[in-house]
Amino acid sequence: MKKHWSLFLGASLITGIAGSLFLKKQQEKQQTSTSIPNLYKSYIGRWWFVNKQKAIQHTLSIEEDLQISIDGKNVNYSLIELTSKRLVAQDEYGYHLIVQCINDEPASLYDEADDATYVLESAS
Numbered sequence: 002m003k004k005h006w007s008l009f010l011g012a013s014l015i016t017g018i019a020g021s022l023f024l025k026k027q028q029e030k031q032q033t034s035t036s037i038p039n040l041y042k043s044y045i046g047r048w049w050f051v052n053k054q055k056a057i058q059h060t061l062s063i064e065e066d067l068q069i070s071i072d073g074k075n076v077n078y079s080l081i082e083l084t085s086k087r088l089v090a091q092d093e094y095g096y097h098l099i100v101q102c103i104n105d106e107p108a109s110l111y112d113e114a115d116d117a118t119y120v121l122e123s124a125s
């Protein structure tokens with residue numbers, strides 16, 4: 002009887018562990034599939050920023066298809082990173098543009114070509 006009880010206890014333990022691992026994997030998969038399509042949406046919009054060295058105001062636009070334009074000119078780029086905290090793009094010349102988010106809102110733009118960070122203000 003003791004042998005059956007220990008086999009039953011062992012099988013229950015293994016089933017419980019396997020079930021919790023399966024459930025955890027399903028939850029991670031579900032979170033990933035729902036969050037990735039919505040991840041880029043916080044970056045969509047129009048902002049303005051000022052280059053203080055040149056005393057020029059610029060506009061930054063990010064469209065639904067993640068097309069980036071500065072002052073109405075499209076930027077040809079490769080997407081390097083897209084998270085809820087930042088969007089990193091590498092332009093055709095090899096320089097990085099980094100949009101940093103605070104509270105799911107773009108707050109700053111780092112332009113590696115100018116080695117400058119600009120504060121973004123909503124233009125909407």
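Read left to right, the sequence shown gives residues 2 to 125 (the working numbering).
Glycine included, C-beta positions come from ideal geometry on N, C-alpha and C.
As the structure is a prediction and not an experimental result, all values here were calculated from the model.
Local Cβ density within 10 Å of A117, reported as buried at 16 or more and exposed below that: exposed
Starting from the C-beta of I69, find all residues in its chain whose C-beta is less than 8 Å away, skip the five residues before and the five after it, and write them out in chain order. L61, S62, I63, N75, V76, Y78, A90 and L98
Contact set for Y94: own chain, Cβ-Cβ below 8 Å, skip 5 residues either direction: A114
Paired residues, beta bridge with T118 - DSSP: Y111
Tell me the rounded alpha-carbon separation between D66 and W48. 17 Å
Cβ-based neighbour list, V100, same chain, cut-off 6 Å, excluding 5 preceding and 5 following: L88, P107 and L110
Go to A90, then tell me how far its beta strand (DSSP E) extends in each direction, as first and last residue. R87 to D92
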